[in-house]
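Residue numbers (our numbering): 11 to 330.
Have a look at this one:
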């Protein structure tokens with residue numbers, strides 16, 4: 011994997027004014043009085059090779075709209091704008107937004123949106139003025155603190171997108187690609203698998219960022235399913251059941267399912283048997299298809315909405 015060694019001492023060469031160069035990055039941060047914030051997850055990419063690999067994975071084209079979350083000083087933004095039809099970059103830090111506007115505001119196809127990605131209207135953000143326009147794509151170096159809520163919000167949004175290329179903490183990527191039966195497999199794994207196919211592209215060493223984080227990161231590419239890979243009568247009931255199961259992941263499956271407010275243990279036992287699943291298994295041993303069969307047994311078509319459904323934003327909050 012490409013590291014960031016050898017970057018210093020090259021500041022006068024081609025591309026020396028890119029945001030991936032440490033001296034250039036620090037110059038702009040000092041100019042705008044920005045001290046990288048741990049709370050906001052501000053670790054800036056300072057590795058040209060990885061910046062190019064990430065942008066190449068997005069494959070921005072002249073008809074594409076690329077949404078970038080957390081552009082910082084534009085390590086990816088500038089490269090994306092050179093290849094995409096339009097780039098909309100969402101930055102929550104007003105000082106960084108001002109710096110980015112000064113650095114790249116001359117680019118006619120770059121639109122900078124100041125705001126919290128967890129609060130902006132995603133449907134409007136991803137809208138194309140031209141109905142015949144090209145695909146919507148997503149790129150981001152996501153802060154750890156918002157990874158789960160953003161993924162849930164993006165995947166549940168009623169927007170049409172073609173692919174997403176995300177740099178996440180390696181631990182989170184382990185969860186996204188985990189197989190049933192592994193320690194990393196959990197509610198987020200199942201939720202994302204329902205919505206998209208996940209492809210791990212590589213591990214980014216901590217030295218590729220400044221300030222250097224304590225852990226490595228990894229890049230993943232998500233491809234949305236044209237239709238869900240499993241058929242369920244009520245997707246929200248499925249996700250509520252998954253949350254309940256993984257909130258008690260060390261218990262036998264039937265007991266864990268009974269953590270759902272509308273499911274009794276006897277019902278859970280019967281549903282497991284009808285779905286062809288051992289009631290004594292652990293939740294982490296049940297794949298997406300198995301959870302879909304359980305949901306259809308417990309919440310069949312025509313049954314009124316049950317408590318425990320609703321938004322999936324807490325999909326990881328109660329895994330123990």
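Backbone N, C-alpha and C fix where the C-beta goes; we use that ideal spot for every residue, glycine too.
Please read all numbers here as calculations on a predicted model, not as lab measurements.
For residue 242, I'd like the list of residues in its chain whose CB is within less than 7 Å of its CB, leaving aside the five on either flank, ordered along the chain. The beta carbon of residue 242 sits closer than 7 Å to those of 248, 302, 305, 306, all from its chain and outside the five residues before and after it, given in chain order.
Cβ-Cβ distance between residue 79 and residue 150 below 8 Å: yes
Under 8 Å, with one C-beta from each stretch per pair, do the segment 203-210 and the segment 230-244 reach the 3-pair mark? yes
Under the rule that 16 or more other beta-carbon atoms within 10 Å means buried, what is residue 128, buried or exposed? By the 10 Å Cβ count, residue 128 comes out exposed.
For residue 77, which residues does DSSP report across the bridge? 98, 148
Enumerate, from N- to C-terminal direction, the unbroken alpha helix (DSSP H) stretches of 4 or more residues contained entirely within the segment 187-264. 197-205, 245-256
Hey, out of 290, 181, 85, 61, whose CA is closest to residue 155's CA? Out of 290, 181, 85, 61, the CA that lies nearest to the CA of residue 155 is found in 181.
Cβ separation of residue 67 and residue 187, assumed to be a contact under 8 Å, to the nearest whole Å: With 8 Å as the limit, residue 67 and residue 187 do not qualify as a contact, their Cβ atoms being about 15 Å apart.
In the DSSP assignment, what are the bridge partners of residue 120? 97
Pull up the DSSP beta-bridge partners for residue 173, would you. 147
Going by CA-CA distance only, name the one from 98, 153, 107 that's closest to residue 133. 98
Close Cβ partners of residue 111 (< 8 Å) along its chain, the five nearest in sequence each way excluded: Take residue 111, set aside five residues on each side of it, and the residues of its chain with a beta-carbon closer than 8 Å to its own are 122, in chain order.
Minimum C-alpha distance to residue 168 - residue among 136, 203, 268: 136
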